[in-house]
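Okay, so the sequence shown: first residue is 3 according to the numbering used here, each after it adds one.
A virtual CB, placed ideally from N, CA and C, is assigned to each residue, including glycine.
See structure below.
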Amino acid sequence: MSFIIREGQEKDVQAVLDLITELAVFEKEPEAVEITVEDLLRDGFSDAPKFKLFVAEEENVVIGIALFYERYSTWKGKAIHLEDLMVTESKRKIGAGKALYSAVLKYAYENNFNRVAWEVIDWNINAVNFYKSTGATYLNDWSVVQMDKENLEKYIQNN
């Protein structure tokens, strides 16, 4: 293994943002990323961080991330949402993605979480098959629902 997995640090935020942007391009939404380095610093490294982060690092370069946060399930209790699992394209297939995934699952297990959940785009067959191979349940009958800031504002103004 030519890389290490460690907790993310403030010094990593530019690399984290770069990987988030690379993921948006991969998911065919290159203009979707609105956050900044400052947002990541404030939201991830303040007294009350909004997320946790593992990074895969090779020769002092961040090549992958797993960004996640705690949430609560009314059915299961303590849960984790895995927001992004990303390895830069040139470093895929070396095991960094699986190592990051394993770090999140180990964190969940060791901290007594009852579930880890995430979304995956249905056309990303490699990811779907990987997750299924690890024992994750793929929920075909559930859809992701979101309301962006613009529509949230419209709703509040009209209701």
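Please list the terminal residues of the continuous beta strand (DSSP E) segment that includes residue i.
i, result
"isoleucine 7", "6-9"
Alpha helix (DSSP H) containing residue i: first to last residue?
i, result
"glutamine 159", "151-160"
"glutamine 16", "15-28"
Would you identify the three-state DSSP class for residue i, choosing helix, strand or coil?
i, result
"aspartate 41", "helix"
"glutamate 12", "helix"
Please report the Cβ distance between residue i and residue j, rounded to the nearest whole angstrom; I am assuming they are in contact, meaning their Cβ atoms lie under 8 Å.
i, j, result
"lysine 163", "isoleucine 65", "With the chain running from 3 to 161 in the structure shown, residue 163 is simply not present."
"leucine 19", "threonine 90", "That pair is no contact at about 13 Å."
"methionine 88", "leucine 141", "No, methionine 88 and leucine 141 are not in contact; Cβ-Cβ is about 22 Å, not under 8 Å."
"glutamine 16", "valine 39", "6 Å"
"phenylalanine 53", "tyrosine 71", "4 Å"
"isoleucine 96", "serine 4", "7 Å"
"aspartate 49", "leucine 69", "In fact, because the Cβ distance is near 19 Å, the residues do not count as touching under 8 Å."
So, is the C-beta of residue i closer than 8 Å to a C-beta in chain B?
i, result
"aspartate 49", "This model lacks chain B altogether, as it is built from one protein chain only."
Would you say the beta carbon of residue i is closer than 7 Å to some non-hydrogen atom of the ligand MG?
i, result
"glutamate 91", "The model on display carries no ligand, and the ligand MG is accordingly not part of it."
Next item on the list: Spell out a yes or no on whether the stretch 78-94 and the stretch 117-132 are touching, meaning 3 or more CB-CB pairs, one atom from each, closer than 8 Å.
Entry: In short, these stretches touch, since the Cβ pair count reaches three.
Margin query: Please give me, in chain order, every unbroken run of the alpha helix (DSSP H) with length at least 4 that falls completely inside the stretch 72-108.
Written below: Those alpha helix (DSSP H) runs which fall completely within the stretch 72-108 and span 4+ residues do not exist here.
Next item on the list: Please go through the stretch 43-73 and give each complete beta strand (DSSP E) segment of 3 or more residues, from N-terminal end onward.
Entry: Qualifying beta strand (DSSP E) stretches, in chain order: 54-60.
Next item on the list: Write down every uninterrupted run of the alpha helix (DSSP H) in the stretch 104-140 whose length is 4 residues or greater and which is fully enclosed by it, in chain order.
Entry: Runs of the alpha helix (DSSP H) inside the stretch 104-140: 127-135.
Next item on the list: Decide yes or no for the touch test of the stretch 94-102 against the stretch 40-58: beta carbon pairs closer than 8 Å, at least 3 of them.
Entry: Enough Cβ pairs lie closer than 8 Å, so yes.
Margin query: Does the structure place the stretch 106-117 close enough to the stretch 28-45 that three or more beta carbon pairs sit under 8 Å?
Written below: Contact check between the stretch 28-45 and the stretch 106-117: fewer than three CB pairs, one atom from each, fall below 8 Å, which does not count as touching.
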